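Peer 1:
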Amino acid sequence: MAEKKGYPTSEDFESWTADEEAAAAKDAASAYEVKSVLRPGYVTEGGAKEPSVFVLAPSGHVYRFPLGVSIRMYDALSEAGDRSIAALKAILAATCPDDADALEGEPVIVVNNVMRAYGEAVSRVQGVTLGE
14 MAEKKGYPTS EDFESWTADE EAAAAKDAAS AYEVKSVLRP GYVTEGGAKE
64 PSVFVLAPSG HVYRFPLGVS IRMYDALSEA GDRSIAALKA ILAATCPDDA
114 DALEGEPVIV VNNVMRAYGE AVSRVQGVTL GE
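This is how it looks when you write it as structure tokens:
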């Protein structure tokens with residue numbers, strides 16, 4: 014079978030080690046890392062103060078997620094069921110429709126990291142409100 018330029022060779026597969034795999038996974042993961050910032054005083058276009066978490070994707074797009082989810086958003090999340098990406102899109106569609114559209118173009122690994130960052134922010138805030 015002819016080898017393709019840039020593809021691993023048969024010998025590469027035979028000699029590949031667990032250490033090389035771990036290093037490659039760490040290197041690949043860095044391409045999908047997100048960063049987040051919690052802002053307690055974000056002011057919406059309507060002038061309301063809404064605590065939010067902002068997540069920077071590797072694409073350069075910044076997503077805003079409210080920390081206070083309304084009943085309307087909660088219902089949309091319930092309709093999404095256990096489909097986490099659908100739930101995340103429902104939050105964005107209700108608060109930042111342009112962000113919901115942009116999220117569809119992100120790699121799934123990035124979207125999972127965005128969900129993790131948002132979930133961690135919500136957990137931190139809930140921990141503070143519960144006196145933890």
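Numbering (our numbering), first residue to last: 14 to 145. Cβ atoms here follow ideal geometry from the backbone N, Cα and C, with glycine treated the same way. It should be emphasised that the depicted structure is a prediction, and the values quoted were computed from it without experimental measurement.
1) Report yes or no: do the segment 123-133 and the segment 46-61 share at least 3 C-beta pairs separated by less than 8 Å?
2) Please look up how many angstroms separate the CB atoms of aspartate 112 and arginine 77, rounded, as I've assumed it's under 8 Å.
3) Give the DSSP-derived three-state secondary structure of lysine 18 in the structure shown.
4) Hey, quick one: how far does the alpha helix (DSSP H) through leucine 101 stretch, first residue to last?
5) Quick one: Cα of tryptophan 29 to Cα of alanine 42, how far?
Peer 2: Reading it off the structure:
1) yes
2) 7 Å
3) Lysine 18 falls in the coil class under three-state DSSP.
4) Unbroken alpha helix (DSSP H) run through leucine 101: 97-108.
5) 19 Å
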